[in-house]
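Residue numbers (the numbering used here): -13 to 95. Working notes, beginning with the structure itself.
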């Protein structure tokens, strides 16, 4: 829900701040020091406020376009990456996706 997403986002940013992770220079630009392994693709379905949705849910799938992915563990079904996690990783790792179909790393130049 909304509260979970807010707690996840604020908690992640506070942790990165207190761990002194470099998210760019003082002007907000520069190399992003956050990386991640390929995101595991879930399978099956999940109940949401919008009803039964496929996994990954459409919002999560849209956020994961252009990001490295891998199959989830054998025998594991369900949601393995939430929309909040996908959004945080997209922003923090600097991966972008444009409506024209381009994707890559932000270089902030």
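The beta-carbon is built from N, C-alpha and C at its ideal position, and this holds for glycine as well.
Self-check item: Inter-residue Cα distance where the pair is residue 42 and residue 73
Solution: 13 Å
Quiz prompt | Proximity to residue 22 [Cα-Cα], best of 4, 47, 53 | solution = 53
Quiz item: Residue ranges of each alpha helix (DSSP H) run of no fewer than 4 residues wholly in the region 27 to 78, ordered along the chain?
Solution: 44 to 50
Quiz item: Are residue 26 and residue 49 close, meaning C-beta to C-beta below 8 Å?
Solution: no
Quiz item: Considering only C-alpha positions, which residue in the set -5, -11, -12 is nearest to residue 71?
Solution: -5
Exercise. Measure the C-alpha to C-alpha separation of residue 60 and residue 76 and round it to an integer number of angstroms.
Key: 25 Å
Exercise. Please classify residue -1: does DSSP put it in a helix, a strand, or coil?
Key: helix
Quiz item: Going by the CB atoms, is the gap between residue 37 and residue 63 shorter than 8 Å?
Solution: no
Quiz item: Is the beta carbon of residue 24 less than 8 Å from the beta carbon of residue 55?
Solution: yes
Quiz item: For residue 78 versus residue 20, is the C-beta spacing smaller than 8 Å?
Solution: yes
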